[in-house]
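Protein chains in written order, with this note's numbering: chain U, 7 to 439; chain B, 7 to 439.
Glycine residues also receive a C-beta, built at the ideal position from the N, C-alpha and C atoms.
Because the structure is a prediction, the values reported are computed rather than measured.
Take a look at the structure below.
There are 2 protein chains.
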Amino acid sequence: MERALCASLVARAAARGTQGAAAEGEDRVCVYGWVAQVRRLGGLTFLVVRDRSGTAQVVLDREDLAAGPIPPREAIVRVSGWLRPEPRAPGGVELRAQHLEVLVEPAQPPSLPLYRDHLDASLEVVLAQRALSLRHPRERAAFAVQAALVRGLRRYLDACGFTEVHTPKLTGTATEGGSEVFAVDYFGRRAYLAQSPQLYKQLLVGAGFERVYEVGAAYRAEPHDTARHLNEYISLDVESELFGGGGTGPLLELERGLLRAMFTQVETDAGDALDRFGVRALPDPAAAVAVTLAEALEGIGRTHLDPEAERLLGEWLGPLVFVTDWPVAQRPFYAMERADAPGLTHSFDLLLHGLEVTTGGQREHRPGPLRAMMAQRGLNVGAFAAYLAAFDTGMPPHGGFAIGLERLTAQLLGIRNVRRASLFPRDRSRLEP
Amino acid sequence: MERALCASLVARAAARGTQGAAAEGEDRVCVYGWVAQVRRLGGLTFLVVRDRSGTAQVVLDREDLAAGPIPPREAIVRVSGWLRPEPRAPGGVELRAQHLEVLVEPAQPPSLPLYRDHLDASLEVVLAQRALSLRHPRERAAFAVQAALVRGLRRYLDACGFTEVHTPKLTGTATEGGSEVFAVDYFGRRAYLAQSPQLYKQLLVGAGFERVYEVGAAYRAEPHDTARHLNEYISLDVESELFGGGGTGPLLELERGLLRAMFTQVETDAGDALDRFGVRALPDPAAAVAVTLAEALEGIGRTHLDPEAERLLGEWLGPLVFVTDWPVAQRPFYAMERADAPGLTHSFDLLLHGLEVTTGGQREHRPGPLRAMMAQRGLNVGAFAAYLAAFDTGMPPHGGFAIGLERLTAQLLGIRNVRRASLFPRDRSRLEP
């Protein structure tokens, strides 16, 4: 019987000591993958075969095979044979192949240098040839980390009684009343792409779900061209009742616990991926500092928390910094004003390595003050009729936050341009591939 | 010390025998929730308090409480006291409240009858007042089932080596070359909302992920107004290498295993929700029948598999029917033609209770035949340059399928209009709430 094996298991077979029988050549195994390297050395032909898990060293064991035509790089092959201890192979094991089948021979060679530790190409080229650049293990590793972050989020929130929900991205009004929205032709009417699921997740808390989260796309029609903005990104949105008491305290506690679970999931599931980025340890969310915006600005001697100020704050206070107590004027209409400090809100941002990755806070749940705030902002209250109706029939105290998934991934891994933490990023000039 | 308890745990405390101490009144507990019923009976005041988990019977134990003002229905309250065995309460336990705090008193009473087993209101009203209608436990239960389906999907696919991905919904070209797409004004250019992640998920398989899945929105600008169409829906997209052999066989096997895991997750996590819909058992995916389209049509004496024919097929062959071997002309350009039966493709639909919930198949991975098929369909090959480039540098044999989440939920629960399996459905006339 022949077992199909992941490439990474070949290298680990001996290292882990769990595949002893295989390492001693008892089991016949096969590996499917892409030819990453071919070397002929002293009458032997060596291949490095790459698959989703890593790479395996293969030596063509039969004389006719070794002397025969060798597949080009990026050919997709099936190799089968026995695992043998080989001190010079990565992990101390190689696959001695008795059979080599070329499943797919590429019509064209790859136009990117895929075989070094780093993909040495411009961002422009990496993104234009995304289907090819992602074959580089380090490029792909960012998305193993990303998937683990989301897995950790779901497991944690599921265990805390949250329900995962899906809200529409097509809406009849601009979600938060802003102007930077994409317009859609919807059967002759004008619709908009949601800037966030904010109002929907609030409605769902009030509809009795109490605790909800969503992993979904959010759209910002901002013409920015910076290393930290995407026009379409994945927002990890969390919203919860605050039955036990309002303010930012319970939300900061929730996010600390959530991030710890997410980071642990990454360390457990994507340790190899972290290694590729040279990340030895992820920051400890339990150690995240919380300061008010006023304290933060005073501490760094600035008047606004612009990107440079965020960076300084990170240098001063560490990798994870909650900034609380934002002025009413700097938050959306639904932010809850502090009763004990008028003009300030129960709200926060979270900076990771000096960049904002989360915005959150308690929301105004009383219909009177909510309408007043909307009127003060000059919002068309009529366009929010369905939203306000839910508050009129009683909305519990609640709050939440949103984490930008690509930014979180990029900041954790030290990826300098957030586009590279998106599989197919969308920016002002990029709609393809 | 006082423990906050879910309402459902009050009823279950004695039934399960696991909360013995609480049931005997040792622990003080509190419950937060919405007042669903108020009754005064023989000098006592009873409340039914509803939260995300279910309902709890509360009796106001103190004379002054019982005689005082009682909160209106839908008031949000905090009640605290002791659990006591009470044979007449649901589950045999009630909460004897020493304290009652009204957290939120609604400004308006609910305009929907929320307190019977079924929400007795027209679909139009249920959807127009979605934030209110979802307070009905049965309305909300569909989304507990939906969340469990997605949880089961992720767990199964994660364990099978799949990577969860997020692909853009904004694209520069209409995904599959169709005309029924929504157009977006993208910084003065024309973009489209993706009809599916089809081409992206294929690219990612070829980029070395090998196995990917996505839970994301898909858009169809079809002006249909039927009980089974949504213009924005959640597509569960799965795509995998077919290293071990092509055809529909491995894909049907994958979907059978996947559905079984999803259904088991529902039974485990959302048994109460199934009860509310009177669903005793979910169908067994292992028992799903597979027939060719030709066999199916002959069997029911029809020429096309229209909705009525799908229904007949379900009656004939059972709750889960795979229909395979669709003609080339009835499938998209990327469908793999059968070498042994030209004109037919390695493709399938899955019907659940007589309605299509999945479309899938093996894809053409050879760049030559793929270009030929695109040309034959009159597609603008230039618009697919990035897609085709990936095939030129070598694409493994692969295939996959997509499951419509709302349809799956509706069919499993016997919900007749798919809109009711969507939190905030989008159809031709509905962009709000």
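7 Å Cβ shell around G410/B - same chain, five flanking residues per side excluded: For this step, residue 410/B is matched to residue 404 along the second sequence. Beyond the five residues adjoining it in sequence on each side, G410/B comes within less than 7 Å, by CB distance, of Y239, S241, V363 in the same chain, given in chain order.
Collapsed DSSP secondary structure at G252/U in the structure displayed: On the first sequence, residue 252/U is found 246 positions in, with the first residue counted as 1. Residue state for G252/U is assigned as coil, using DSSP reduced to three classes.
Runs of alpha helix (DSSP H) lying entirely within the segment 195–249 of chain B, each at least 4 residues, in chain order: Inside the segment 195–249 of chain B, DSSP marks whole alpha helix (DSSP H) runs of 4 or more residues at positions 204–210, from first to last along the chain.
Contact list for the segment 222–236 of chain U against chain B, Cβ threshold 8 Å: Against chain B - using a Cβ distance shorter than 8 Å - the residues of the segment 222–236 of chain U are G222, A223, Y225, A227, P229.
C-alpha distance - G60/U paired with A13/U, whole-angstrom precision: Position 54 of the first sequence, counted from the start, is the residue given in the question as residue 60/U. Position 7 of the first sequence, counted from the start, is the residue given in the question as residue 13/U. So the two alpha carbons sit approximately 6 Å from each other.
Distance CB(R58/B)-CB(G167/U) smaller than 9 Å: Along the second sequence, one-based indexing puts residue 58/B at 52. Along the first sequence, one-based indexing puts residue 167/U at 161. R58/B is a Cβ neighbour of G167/U, given a cutoff of 9 Å.
Reduced DSSP category for A95/B - H, G, I as helix; E, B as strand; rest coil: What you label residue 95/B is simply residue 89 of the second sequence in a count that begins at 1. DSSP places A95/B in coil when its eight states are reduced to three.
DSSP bridge partner residues for H449/B (one or two, in chain order): Residue numbering for chain B in the displayed model covers 7 to 439; residue 449/B lies beyond these limits and cannot be assessed.
For H359/U and Q417/U, believed in contact at Cβ under 8 Å, the rounded distance: The residue given as residue 417/U occupies position 411 in the first sequence. The residue given as residue 359/U occupies position 353 in the first sequence. About 5 Å; that satisfies the 8 Å criterion.
Distance CB(G400/U)-CB(I82/B) smaller than 9 Å: If you number the first sequence from 1, residue 400/U lands on position 394. If you number the second sequence from 1, residue 82/B lands on position 76. Yes, these two residues count as a Cβ contact at 9 Å.
Positions along the segment 76–110 of chain B whose CB lies within less than 8 Å of some CB in chain U: Here the close residues are E80, A81, I82, R84, L109, V110.
Contacts of P403/U in chain B (Cβ-Cβ under 9 Å): The count along the first sequence starts at 1 and reaches residue 403/U at position 397. Below the 9 Å Cβ cutoff, chain B contributes I82, L109, V110 as neighbours of P403/U, in chain order.
The alpha helix (DSSP H) enclosing S397/B, as first and last residue numbers: Translated into positions along the second sequence, residue 397/B becomes position 391. The residue you asked about is not Ser; residue 397/B is Phe in the sequence shown. From DSSP, the alpha helix (DSSP H) with F397/B extends over 391–398.
Through-space distance from L199/U to K175/U, alpha-carbon basis: Locating residue 175/U in the first sequence gives position 169, where the first residue counts as 1. Locating residue 199/U in the first sequence gives position 193, where the first residue counts as 1. So the two alpha carbons sit approximately 5 Å from each other.
Residue range of the unbroken beta strand (DSSP E) whose run includes V151/B: As a first step, residue 151/B is located in the second sequence; it is residue number 145 there, counting from the start. Looking at the DSSP string, V151/B is not in any beta strand (DSSP E); the run it does join, the alpha helix (DSSP H), is 143–165.
Partner residues on chain U for K175/B, Cβ-Cβ distance less than 8 Å: In the second sequence, the residue the question calls residue 175/B occupies position 169. Result: K175, A223, E238.
Reference M380/B; option with closest CA among R344/B, Q368/B, G178/B, P338/B: Translated into the one-based positions of the second sequence, residue 380/B becomes position 374. Nearest C-alpha to M380/B: P338/B.
Rounded straight-line distance, which links the Cα of P112/U to that of V99/U: Here residue 99/U is taken as the residue at index 93 of the first sequence, counted from 1. Here residue 112/U is taken as the residue at index 106 of the first sequence, counted from 1. V99/U and P112/U: Cα-Cα distance of roughly 28 Å.
Counted within 10 angstroms of its Cβ, other Cβ atoms place H404/B as buried (16 or more) or exposed: Counting from 1 along the second sequence, the entry for residue 404/B is found at position 398. The residue is buried, with at least 16 neighbouring Cβ atoms inside 10 Å.
Exposure of E80/B, with buried meaning 16 or more beta-carbon neighbours within 10 Å: The residue labelled residue 80/B in the question sits at position 74 within the second sequence. In this structure E80/B is buried. Its beta-carbon is surrounded by 16 or more other beta-carbon atoms within 10 angstroms.
Cutoff 6 Å; reference P289/B; Cβ partners in own chain excluding five residues on either side: For the purposes of this step, residue 289/B is taken as residue 283 along the second sequence, with counting starting at 1. In the same chain as P289/B, and ignoring 5 residues on each side of it, the C-beta atoms closer than 6 Å to its own belong to P325, L326, in chain order.
Chain-ordered residues of the segment 203–221 of chain B with a beta carbon less than 8 Å from chain U: Taking 8 Å as the Cβ-Cβ cut-off, the segment 203–221 of chain B approaches chain U at Y206, L209, L210, G212, A213, G214, F215, E216, R217, V221, given in chain order.
Contact under 9 Å by Cβ, L53/U with V64/U: For the purposes of this step, residue 53/U is taken as residue 47 along the first sequence, with counting starting at 1. For the purposes of this step, residue 64/U is taken as residue 58 along the first sequence, with counting starting at 1. Taking 9 Å as the cut-off, the Cβ atoms of L53/U and V64/U count as close.
Under 7 Å by beta carbon: chain B residues contacting G263/U: Looking up residue 263/U in the first sequence gives position 257. Think of a sphere of 7 Å around the beta carbon of G263/U: no beta carbon from chain B falls inside it, the nearest being about 16 Å out.
Neighbour flag for E362/B against chain U, beta carbons, 9 Å: Indexing the second sequence from 1 puts residue 362/B at position 356. Chain U places no beta carbon closer than 9 Å to that of E362/B, leaving this residue out of the contacts.
W322/U, DSSP secondary structure in three states: Here residue 322/U is taken as the residue at index 316 of the first sequence, counted from 1. In the structure shown, W322/U sits in a helix (DSSP, three-state: H, G or I).
Pair within 9 Å by beta-carbon distance, V424/U and A279/U: Counting from one through the first sequence, the residue named residue 424/U turns up at place 418. Counting from one through the first sequence, the residue named residue 279/U turns up at place 273. Judged by their CB atoms, V424/U and A279/U are not nearer to each other than the 9 Å cut-off.
Any C-beta of chain U under 9 Å from that of L411/B: Reading the second sequence from its first residue, position 405 is the one you call residue 411/B. By this cut-off, L411/B is an interface position.
Proximity test, Cβ basis, 9 Å: F283/U and chain B: Within the first sequence, residue 283/U is the residue found at index 277, counting from 1. Cβ-Cβ to chain B under 9 Å: no for F283/U.
Selected residue, minimal CA-CA separation from S139/B, among Q204/B, R122/B, A197/B: Residue numbering aside, residue 139/B sits at position 133 when the second sequence is read from its first letter. Proximity to S139/B across Q204/B, R122/B, A197/B peaks at R122/B, based on C-alpha coordinates.
9 Å Cβ cutoff met for L5/U and L155/U: Only positions 7 to 439 of chain U appear in this structure, which leaves residue 5/U out of reach.
Reduced DSSP category for D123/B - H, G, I as helix; E, B as strand; rest coil: Here the question's residue 123/B lines up with position 117 in the second sequence. In this structure, DSSP gives D123/B a state outside helix and strand, which the three-state scheme calls coil.
Members of the segment 135–156 of chain B that neighbour chain U once the beta carbon cut-off is set at 9 Å: Under the 9 Å Cβ criterion, the segment 135–156 of chain B contributes Q135, R136, A137, L138, S139, L140, R141, H142, P143, E145, R146, F149, A150, Q152, A153, V156.
Ranges of the beta strand (DSSP E) found wholly within the segment 9–88 of chain U, counting only runs of at least 3: The segment 9–88 of chain U contains these whole beta strand (DSSP E) runs: 34–47, 50–57, 60–66.
Residue burial classification, L50/B (beta-carbon count within 10 angstroms, cutoff 16): Counting from 1 along the second sequence, the entry for residue 50/B is found at position 44. With a 10 Å radius around the Cβ and a threshold of 16 neighbouring Cβ atoms, L50/B comes out exposed.
Whole-number beta carbon distance between V211/U and P373/U, since they are thought to touch under 8 Å: Locating residue 373/U in the first sequence gives position 367, where the first residue counts as 1. Locating residue 211/U in the first sequence gives position 205, where the first residue counts as 1. Incorrect: roughly 15 Å between the Cβ atoms, too far for contact.
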